[in-house]
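Quick notes on the structure that follows.
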Amino acid sequence: MSNNTAQKQPELVQLLTPEGELRRHPDYPIDISAEEMRGLYRDLVLVRRVDTEAVALQRQGELGLWASLLGQEAAQIGSGRALRPGDMAFPSYREHGVAWCRGIRPRQLLSMFRGVSNGGWDPHEYGFHLYSIVIASQTLHATGYAMGVQRDGALGADGTAVICYFGDGATSQGDTSEAFNFAAVNNAPVVFFCQNNQWAISEPPERQARVPLYRRAAGFGFPGVRIDGNDVLASLAVTRAALQHAREGQGPMLIEAFTYRMGAHTTNDDPSRYRVSAELEEWRSKDPIERVRTHLTNEGIADDAFFAEVDAEAESIGERVRRECRELPDPDPLDIFHEVYAEPNGHIDRQRADFADYLASFEDADAEGVR
Amino acid sequence: MSNNTAQKQPELVQLLTPEGELRRHPDYPIDISAEEMRGLYRDLVLVRRVDTEAVALQRQGELGLWASLLGQEAAQIGSGRALRPGDMAFPSYREHGVAWCRGIRPRQLLSMFRGVSNGGWDPHEYGFHLYSIVIASQTLHATGYAMGVQRDGALGADGTAVICYFGDGATSQGDTSEAFNFAAVNNAPVVFFCQNNQWAISEPPERQARVPLYRRAAGFGFPGVRIDGNDVLASLAVTRAALQHAREGQGPMLIEAFTYRMGAHTTNDDPSRYRVSAELEEWRSKDPIERVRTHLTNEGIADDAFFAEVDAEAESIGERVRRECRELPDPDPLDIFHEVYAEPNGHIDRQRADFADYLASFEDADAEGVR
Amino acid sequence: MTTNLTIGKAINAGLRRAMESDPKVLVMGEDVGKLGGVFRITDQLYKDFGADRVIDTPLAESGIIGTAIGLALRGYRPVCEIQFDGFFFPAANQTFTQLAKVRRRSAGAVTVPVVLRIPYGGGIGAVEHHSESPEAYFAHTAGLRVVTVANAVDAYWMIQQAIASDDPVVFFEPKRRYYDKADVDTTADLGSAAPMHTARVARPGQDATLLAYGPMVKTALQAAQADTEHDIEVIDLRSLAPVDYDTITESVRRTGRLVIAHEAPVSHGVGAEIAARVTESCFYHLEAPVIRVGAFDTPYPQSRLEEHYLPDLDRVLDGVDRAFTF
Amino acid sequence: MTTNLTIGKAINAGLRRAMESDPKVLVMGEDVGKLGGVFRITDQLYKDFGADRVIDTPLAESGIIGTAIGLALRGYRPVCEIQFDGFFFPAANQTFTQLAKVRRRSAGAVTVPVVLRIPYGGGIGAVEHHSESPEAYFAHTAGLRVVTVANAVDAYWMIQQAIASDDPVVFFEPKRRYYDKADVDTTADLGSAAPMHTARVARPGQDATLLAYGPMVKTALQAAQADTEHDIEVIDLRSLAPVDYDTITESVRRTGRLVIAHEAPVSHGVGAEIAARVTESCFYHLEAPVIRVGAFDTPYPQSRLEEHYLPDLDRVLDGVDRAFTF
Ligand SMILES: Cc1ncc(C[n+]2csc(CCOP(=O)(O)OP(=O)(O)O)c2C)c(N)n1
Ligand SMILES: Cc1ncc(C[n+]2csc(CCOP(=O)(O)OP(=O)(O)O)c2C)c(N)n1
Ligand SMILES: [Mg+2]
Ligand SMILES: [Mg+2]
């Protein structure tokens, strides 16, 4: 009874093939220096290393949970590097690669997954909002923020653009459609960046949509494009163009990055219950890092020394992440009452004071050897 | 800062011009007998008469509120007459014409607006769900119902189809998009019938959408079509086709009936605050009833006696509506507790009993002359 | 200098003054523009402040609150109108999981000074969903401030205080009292008004405390007046979260009796919390259990029954009587 | 014949039995199909009943409840899984304005026997939105029945009773107790189980009544055990709406003291209503005010703080002690 029409797969924008070859695209020309190319490679490798380390930390009980970006590095690093400092990004909970580009330190990311914080950084400082766990809620925040940018008169070639990340599953939420519509009606400078990683926990895209997701945009009156999400150059070039489009006052755009979640949904998940390994194998051949490495090698842009250097840096970052994770301080119990309100609130103050007394009573009791 | 791009108006499906001339449409052939044509005219006139009477009754204080369908008769009668007895319709709150086609008596409609009931009829009896006031909520009910039809195996040429009515404003609600998507993904037999009457209270369609509404459907993977909503034949033919499409298992379709709300949003509303009378004038020339009358006359399908007969019938219905409205019995105070739960509920029973005692205490007091 | 204003006009004047004094203040919602809202609370603001500051939004409450959060993150102070109480619920997710929590989530890095204006309560003969009193849902949600007004003076000042607050504030407007008038000194300083979180003794008395808020304050005052046997103190709660327990307990310790009246269904209404808390803090002072007067635990009925459903003067008096039977 | 089942497996077995005995029963939600839900509560049902009866829905809670209403209108009995407590809110509109009210709106013509299963409560070390106790929002909404379970026996029977009920039922599952085991007689008749709306005395006692529900029942029993000074009666509430006041007041009139413990924030929690009502009906029997033990009135904190946030054995004992200081 479900819709059996297999989704016809449309053309992807691809600038770097899985074989490491550059392709020209009429709409998305890209002119990239060797140094930039090496930089992207470095980003990809390092962020994967951070991710791998985090998975391990979870296995060791140092993190409560981790949502791995494995396989999605190119989508995230490409789009993240397309952002300018003044731009604002609204992530979901898996955007460790974008966070990396925005200058968030890995330990700041870990703090939420370790349970020592519900956030971890100041969004204004990094131009990167907090992780959003309630699926699609951030799509409206991004749109509203972009409406604020309009009101600030901050558009133009050097203006501000906003980007919002979400998954294939998130497109089903009413909030995402409302965001598309608010953005369209207001012509807001926001780029919707959907990482279609083929899974929303255990559900494949056919349970979320009958036709390719990028087409959703046209129904709301703005352009949508599907890119090879494992191609860091496509992600960079198309996102850069979309941000420029937004920045210059031409309104929203939807980018569907066609990629694949190589790992489990989170460390809690067991994908063997719902997907076959052949699929994984197929996507392994499209690995987002391998193709850049092949390209660098084939073009002679990077030598073994460079690769060794990046690997060494990855190792040391891995170590740092491990150390910094363990060093993350546990919050003080009274932090429960911290910043619930911006303005004084007698009710909360009273609860805090009572709880402080309660805690102290144990210390007293301990001191007296009562308990 | 709002989007100034005027919506380019696409072709409408039109089978009967404002001048009363029939037009062929390759996709929507219609073969209609003289008797059917007269029947549609009668429906249009009578339902307008009911509506006019209801507006008057509100002015006289007999109704708390009325939402007039003035101008939307063709969209409603055409689509309503396309339904088969076993089909199920999910209305908004303005579908008096569809209700008429489903056999709902005007007094049943009035009961909600008079405040003697929150409903007014048994949805199962008429294949017409209760009026839905929370915008777009019914879109999901219709979709779920259609999923039930699928599970009943009630598809096929003689199967069951579902239709859901809503306005242009309702397309902005997340629920509508979720309904589109659930219907598409499940290939559910539901026709989404949007009466774009150019206004959501005071807001014009440009505040609701950047591009014509019928296009929304394509983004979710099913067909959308815009019809001349003031053309009863277009409404009939296209709805019939869409219902058949659904019934035969081909999934959902969106019909955007391009029409105009000739009256106020409701009797509480004062449209002079937000719209110009020229617009009204322009639409008056496209009146949905006039064109049918012209057609009937020009084609010699109806004579003066017929028109006089319909007018007389309208008069008597007007009178009946007036009388039946005044005769609607006020509910009993204890009706407050009626059917809140299907199963016994001691808590409610106790409140009912206490309240009965409380009411009785006044009667006792009255009897004793205390109060 | 005082002006005689209805509650509706006082909110309008308060909004205007807030918009004049802070260019970051925006008004947004359905039909708030040219129409001035279905209750005309934003009347003329569109004309005077333009479409960028008075935003007619698409018909989507989640979208309204969600984009308001985004605007707030960008430094704006959006005042959102929810057209009627019963239409808040599509925005529940953005309000309860985002608006209420984002500050705490960010450990204070992020401030979302959004105001939700919600005309609420019954008694206007409306169809379903237009007469509800959903305040308890909000009061139960940490991170929100919840206030309501009973007169034009509070209406004028408290809407400005709500906008000035860096916390999200849910501002409930007693729609059936929109036309009640009072003299308002619109030239005074905002700082001179009583703080938003305080309750107000609306009528002093000795024998029992009658607590009400929003539309029920007028009824409570009438009841106090009508009860010639007892000297009833009436408290106008004003702030439902946080609650000014100092004012309430001071009163209850004096009178020994507390009756709470609200339009919302009794069960799990705001009165439940106050009753439980006051009973705990005033246990030895209470001559009678706290008596609650409210609507029945049923959906809001068809309007021809609302006079029976809503607690009216008689029901409040009945509650007061019950408090004296102990 | 009894089987030793965890709460999770007991719900699974109850669902299976309901699906076997009534072909109209459907299961729907996110990941309920092949995966069997993130807690495996629907494990194997997809395999055995197929995609038409175990529906993996798009990721949209409003869509889930909204289409479930439509399915119910067509004669089905959908059991909807909301993946976690904190993700209910997008469905608030469909639940509160439609599901709860459509029967009354139709004067009984329409029946919507939808069950909402919501794993709730904290203590599992999760990230935000995965540990909440939103039951008061539902209990405050007329038209819904609200139940929760504390052991595998109730889990097995009450899920079936919820499905069999013609009313919409919100079924809260204490996720941190999913692995608690008990012997369940899965061969007995459904009719033999205690009615869903009744409370249960889980441990008889004389000195004070300790009321709890869901995940806190175990803590309450431990507290009663730990308190060697007093003989504590523990009541497992089971039904939060309607509440079985007969069982509670009978107990409180005997013991003279009532302590209510729940995981939800204290303010406006379910405990507030029970405290207010019991105080009214047992005023002369109460030796102390009703004491409530719950979470603080703040958003659920980061998991490293949840042991402090959630009421634990010590906090419950502290509450019991407070009840004896009066
Ligand atoms: C409103 C809401 N419902 C349910 C969940 C539980 N949940 C967490 S992630 C997820 C799947 C998300 O899939 P997708 O949007 O494709 O993002 P991905 O995890 O693949 O990056 C679900 C259902 C949630 N976080 N929020
Ligand atoms: C969820 C919700 N929000 C707001 C309202 C108030 N309201 C009633 S009708 C209406 C406009 C509806 O416009 P449209 O969908 O175009 O239908 P029309 O009235 O034109 O038939 C609004 C905003 C409502 N009923 N429900
Ligand atoms: Mg995904
Ligand atoms: Mg309209």
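Protein sequence lines correspond, in order, to chains A, B, C and D. Oh and the first sequence: position 67 is 67 in the numbering used here, straight run, nothing missing. Oh and the second sequence: position 334 is 1334 in the numbering used here, straight run, nothing missing. Oh and the third sequence: position 240 is 2240 in the numbering used here, straight run, nothing missing. Oh and the fourth sequence: position 183 is 3183 in the numbering used here, straight run, nothing missing. For each residue, glycine too, the CB sits at the ideal point set by N, CA and C. In this text, all values refer to a predicted model and were calculated from it rather than measured experimentally.
Item	Value
Any chain E beta carbon closer than 9 angstroms to alanine 3272 of chain D	Absence of chain E from the displayed structure is noted, the protein chains being A, B, C and D.
Proximity test, serine 92 of chain A beta-carbon vs ligand 6 heavy atom, cut-off 8 angstroms	With respect to ligand 6, the structure offers nothing, as its ligand set consists of ligand 1, ligand 2, ligand 3 and ligand 4.
Euclidean distance between Cα positions of leucine 296 of chain A and valine 45 of chain A	13 angstroms
Ordered list of alpha helix (DSSP H) runs contained in the segment 1011–1071 of chain B, each at least 4 residues	1034–1059
Runs of beta strand (DSSP E) lying entirely within the segment 181–268 of chain A, each at least 3 residues, in chain order	190–196, 224–228, 253–258
Minimum C-alpha distance to serine 1202 of chain B - residue among B:Glu1248, B:His1265, B:Phe1222, B:Gly1080	B:His1265
Alanine 2226 of chain C versus arginine 1273 of chain B: straight-line alpha-carbon distance, rounded	43 angstroms
Straight-line Cα distance separating glycine 224 of chain A from aspartate 87 of chain A	21 angstroms
Where serine 3131 of chain D sits in the DSSP three-state scheme	coil
At least three beta-carbon pairs within less than 8 angstroms, the segment 13–29 of chain A to the segment 55–63 of chain A	no
Closer than 7 angstroms: residues whose CB approaches a heavy atom of ligand 4	B:Gly1167, B:Asp1168, B:Gly1169, B:Gln1195, B:Asn1196, B:Asn1197, B:Gln1198, B:Trp1199, B:Ala1200, B:Arg1261
Status (buried if at least 16 other CB within 10 Å, exposed otherwise) for glutamate 2306 of chain C	buried
Outcome for tyrosine 3284 of chain D when other beta-carbon atoms lying within 10 angstroms are tallied against a minimum of 16	exposed
Cysteine 3282 of chain D, DSSP secondary structure in three states	coil
Min CB distance phenylalanine 1113 of chain B to chain C below 9 angstroms	yes
6 angstroms CB neighbourhood of aspartate 3321 of chain D in its chain, flanking five on each side removed	none
Beta-carbon spacing of alanine 1188 of chain B, glycine 1120 of chain B below 9 angstroms	no
contact_flag[the segment 2184–2199 of chain C, the segment 2217–2225 of chain C] where n(CB pairs < 8 angstroms) is 3 or more	no
Given phenylalanine 3049 of chain D as reference, the closest of D:Gly3036, D:Ala3060, D:Thr3279 once Cα atoms are compared	D:Gly3036
Proximity test, aspartate 1175 of chain B beta-carbon vs ligand 1 heavy atom, cut-off 8 angstroms	no
Straight-line gap, asparagine 1004 of chain B to phenylalanine 220 of chain A (C-alpha atoms, nearest Å)	Residue confidence is low: asparagine 1004 of chain B scores 38 on pLDDT, short of 50, so the model does not pin down where it sits. No coordinate-derived value is stated.
Neighbourhood of tyrosine 1093 of chain B by C-beta, 6 angstroms cutoff - its chain only, sequence neighbours within 5 removed	Ala1067, Tyr1131, Ile1133
Rounded C-alpha distance that separates valine 2316 of chain C from serine 2281 of chain C	24 angstroms
Contact with chain D by phenylalanine 1182 of chain B, beta-carbon distance below 9 angstroms	yes
Where valine 3169 of chain D falls: helix, strand or coil (DSSP)	strand
For alanine 2139 of chain C and histidine 3268 of chain D, believed in contact at Cβ under 8 angstroms, the rounded distance	5 angstroms
Cβ-heavy atom distance, histidine 2230 of chain C to ligand 2, below 8 angstroms	no
Isoleucine 1133 of chain B Cβ short of 8 angstroms to ligand 2 heavy atom set	yes
Glutamate 2030 of chain C Cβ short of 8 angstroms to ligand 2 heavy atom set	yes
CA-to-CA distance, alanine 2072 of chain C to aspartate 2167 of chain C, given in whole angstroms	11 angstroms
Listed by chain order, chain A residues near phenylalanine 1220 of chain B by CB distance under 8 angstroms	Ala209, Arg210, Val211, Arg216, Gly219
Nonlocal neighbours in the same chain, by C-beta distance under 6 angstroms from leucine 1944 of chain C, ignoring five residues either side	Outside the shown range of chain C, which is 2001 to 2326, sits residue 1944 of chain C, and nothing can be said about it.
Identity of the residue in B:Val1310, B:Thr1267, B:Glu1290 nearest arginine 1114 of chain B by Cα	B:Thr1267
Test: glutamine 1138 of chain B CB closer than 9 angstroms to a CB of chain A	no
Supposed close pair threonine 2198 of chain C, aspartate 2244 of chain C - CB separation, criterion 8 angstroms	5 angstroms
Stretch pair the segment 3204–3219 of chain D + the segment 3228–3238 of chain D: three plus CB contacts closer than 8 angstroms	yes
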